[in-house]
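Visitor: Here it is, the structure, as C-alpha cells.
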Amino acid sequence: MKAGIGYGLAESERLPKTIFEQAISGNRRSLAKLLTAVENGEVTHDLLGLSTRAVDGSVIGVTGAPGVGKSCLIEGLLSTWTSNGLKIAVIAVDPSSPLTGGALLGDRVRMESADNNPNVFVRSFATRNQPGGMPNAVVLAADVMRQCGYDIVLIETVGAGQSEIRVVSVADRIVLVEAPLRGDEVQAEKAGVMELADMIVVNKSDLDGSERTAANIISALELTINPPPVLLTSAKNSAGIEDLASQLRTLPAKPGAELARARERLLTAWDNALLSREDINEVLDGLAGSENSAQEWVDKNLRW
C-alpha cells in the first residue's frame, strides 16, 4: 500500500478516512483530493471502511465512438436532472498523453459549465495506459461519490474499444450513443459493446439519416432476446433529452447485457490476478523467445 494522499506512511490509514468524512459532509475539495488518491491506487474500499455498493441502477455508463456527442448529451442530462433537484457526479475517463502521462482533459473542458453547478461534480480519470487497473479505480470512485450523496454517477468513456468496454462494464446500466450514418461501424460494434447496452441512443437527430440509422440498429437487433430500446435525441436542440433522462431513472437491466458485463468484469479480474504475479516479468521474458504459446503456459501453470 502506498502512503496515501501524499502523507507519511504512519498517517496513510487515518488521513484518507478523515478526508472521506469531510467529503461526505459536502467538502468538494476533500472529495477531489480523495478521488486523486483513488485514481493513483492509494486507497481501497477496506481502507475507507466502505462496502461495495449494491447494484441499484444509479451508476450509468455512457459510451460510444468519438464525435457522436456524448459530452453534449451528458450536459443536457445534467441540466434536466439537476433542475429536478438531483445531485449528479460524472467520471470522464480520458486517454493519457503518451508524452506526459496526463489526461487529455477534453471531456472535462466540454463540461466545464456544468461543473459550476453546485449539484454537479465532474472528474476526469486518466487511463495512464493501465486498462486493467482502471475499472477497479472507477468502481471505488463511483462508490465514493454515491456515499457522498450523489444520486446518479455517470461514467463516460472517450471511445468504445476493448479497454473502454472494460471500464464501462462496471456500471449498473450502459447507454451506447450512436450518430447518423455510422451503419457499417454499428454492425462492427454489434459483437462488442452493443451486447452490453441497456439502451441505445441515436444522437444528432437533427441531422439527415438519423431515423435510418435507428432503423438499421433495430434491424440488427432483431434476433436479440429482449433488445434494448433505441431512442432518438439531439443535444443541439434538446430534442428527446427529457424523455431520455426520465427513462434512465427507471431503466431495467437487460439479462443478456448483465451477463456480458459480468463476463467483462471477470476477464478484468483475471487480467489483474495474472499481471500481479511476482514472476510476471520472467513469464513474459520466457514467452518472448520461446516456441511455447501463451495458451500452453496457461494450461500448464494456471488452475481454477
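Under the working numbering, the first residue of the sequence shown carries the number 1231, and numbering increases by one thereafter.
C-beta atoms are modelled at their ideal positions from N, C-alpha and C, and glycine is treated no differently.
No experiment lies behind these values; they were computed from the predicted model shown.
Okay, do the segment 1375 to 1388 and the segment 1281 to 1296 touch, 3+ Cβ pairs below 8 angstroms being the bar?
Guide: Touching, yes, given that three or more Cβ pairs across the two stretches are closer than 8 angstroms.
Visitor: Taking ILE1318 as the reference, which of ASN1349, LEU1245, ALA1524, PRO1482 has the closest Cα?
Guide: Of ASN1349, LEU1245, ALA1524, PRO1482, the residue nearest in Cα terms is ASN1349.
Visitor: Closest to PRO1296 by CA distance: which of LEU1277, GLY1389, ARG1283 is it?
Guide: It is GLY1389.
Visitor: Using only CA atoms, which one of GLY1294, ALA1445, SER1468, ASN1531 lies nearest to THR1310?
Guide: Of the listed residues, the one whose Cα sits closest to THR1310 is SER1468.
Visitor: With a Cβ-Cβ cutoff of 7 angstroms, do VAL1298 and ALA1409 count as a contact?
Guide: Yes; because the gap between Cβ atoms is below 7 angstroms, this pair is in contact.
Visitor: The alpha helix (DSSP H) spanning ASP1324 covers which residue range?
Guide: Looking at the DSSP string, ASP1324 is not in any alpha helix (DSSP H); the run it does join, the beta strand (DSSP E), is 1318 to 1324.
Visitor: Pull up the distance between the alpha-carbon of GLN1252 and that of ASN1347, whole angstroms please.
Guide: Rounded to whole angstroms, GLN1252 to ASN1347 spans 20 angstroms at the Cα level.
Visitor: If VAL1432 and VAL1460 are in contact, beta carbons under 8 angstroms, what's the gap, nearest whole angstrom?
Guide: Indeed, because the Cβ distance is near 7 angstroms, the residues count as touching under 8 angstroms.
Visitor: With H, G and I counted as helix, E and B as strand and the rest as coil, what does DSSP make of THR1454?
Guide: If DSSP states are grouped into helix, strand and coil, THR1454 belongs with coil.
Visitor: Note down the Cα distance separating ILE1448 from GLU1425, rounded to an integer number of angstroms.
Guide: One C-alpha to the other measures close to 13 angstroms.
Visitor: Measure the Cβ-Cβ separation of ARG1403 and ASP1428 and say whether it is below 7 angstroms.
Guide: Yes. Within cutoff.
Visitor: Determine contact between the segment 1267 to 1287 and the segment 1363 to 1378, defined as no fewer than three beta-carbon pairs at a distance below 8 angstroms.
Guide: Output reads yes: the segment 1363 to 1378 touches the segment 1267 to 1287.
Visitor: Could you pull out every residue in the same chain whose Cβ sits closer than 6 angstroms to the Cβ of GLU1441, ignoring the five residues on either side in sequence?
Guide: Within the same chain, GLU1441 has no close Cβ partners at all.
Visitor: Go through its chain and collect everything with a Cβ distance to ALA1465's Cβ below 8 angstroms, but skip five positions before and after it.
Guide: Only GLY1299, CYS1302, LEU1303, GLU1305, GLY1306, ASN1433, LYS1434, ILE1471 meet the Cβ criterion.
Visitor: Pull up the distance between the alpha-carbon of LEU1514 and that of LEU1504, whole angstroms please.
Guide: One C-alpha to the other measures close to 11 angstroms.
Visitor: Report yes if the CB atom of ARG1353 is closer than 7 angstroms to the CB atom of LEU1478, and no otherwise.
Guide: Going by C-beta atoms, ARG1353 is not nearer than 7 angstroms to LEU1478.
Visitor: So LEU1514 is in the beta strand (DSSP E); what residue range does that whole segment cover?
Guide: First-last for LEU1514: 1510 to 1518, but that is the alpha helix (DSSP H), not the beta strand (DSSP E).
Visitor: Specify, as a first and last residue, the run of the beta strand (DSSP E) that VAL1268 falls within.
Guide: Per DSSP, VAL1268 belongs to no beta strand (DSSP E); it is in the alpha helix (DSSP H), 1258 to 1269.
Visitor: Tell me the residue span of the alpha helix (DSSP H) that contains VAL1528.
Guide: From DSSP, the alpha helix (DSSP H) with VAL1528 extends over 1524 to 1531.
Visitor: Buried or exposed: where does PRO1458 fall if 16 or more other Cβ atoms within 10 Å of its Cβ makes it buried?
Guide: It is buried - the Cβ of PRO1458 has at least 16 other Cβ atoms within 10 Å.
Visitor: Classify LEU1329: buried if its beta carbon has 16 or more other beta carbons within 10 angstroms, exposed otherwise.
Guide: Any reading at LEU1329 must be qualified, since the residue scores a pLDDT of 38, below 50, and its modelled position is unreliable; the value itself is stated next. Label assigned to LEU1329: exposed.
Visitor: Just how far apart, CA to CA, sit THR1454 and PRO1482?
Guide: Between THR1454 and PRO1482, the C-alpha separation is close to 16 angstroms.
Visitor: In chain order, what residues of the same chain lie with their CB nearer than 6 angstroms to the CB of LYS1530, ignoring the 5 residues before and after it?
Guide: Around LYS1530: no qualifying Cβ.
Visitor: What are the start and end residues of the beta strand (DSSP E) that includes SER1354?
Guide: Element bounds for SER1354: 1350 to 1356.
Visitor: Could you give the distance in angstroms between the alpha-carbon of SER1260 and the alpha-carbon of GLU1272?
Guide: Distance between the alpha carbons of SER1260 and GLU1272 is about 15 angstroms.
Visitor: For ILE1510, count neighbouring Cβ atoms within 10 angstroms of its own Cβ and tell me buried if that reaches 16, exposed if not.
Guide: Classification for ILE1510: exposed.
Visitor: Starting from ARG1403, trace the beta strand (DSSP E) both ways and give me its first and last residue.
Guide: Note, ARG1403: beta strand (DSSP E), 1403 to 1408.
Visitor: With a CB to CB cut of under 8 angstroms and the five nearest residues on each side skipped, what residues in its chain are close to PRO1246?
Guide: So the list reads GLY1234, ILE1235, LEU1264, ALA1267, GLU1272, VAL1273, LEU1277, LEU1278, once near-sequence residues are dropped.
Visitor: Are LEU1406 and ILE1430 closer than 7 angstroms when you measure CB to CB?
Guide: Cβ distance < 7 angstroms, so LEU1406 and ILE1430 count as in contact.
Visitor: Contact defined as beta carbons within less than 8 angstroms: I believe LYS1484 pairs with ASN1456. What is the distance between those atoms, to the nearest angstrom?
Guide: The pair is a contact, with the Cβ atoms about 5 angstroms apart (cut-off 8 angstroms).
Visitor: Look at the alpha carbon of ALA1444 and the alpha carbon of ALA1475, and state the distance between them as a whole number of angstroms.
Guide: Whole-angstrom Cα-Cα distance: 19 angstroms.
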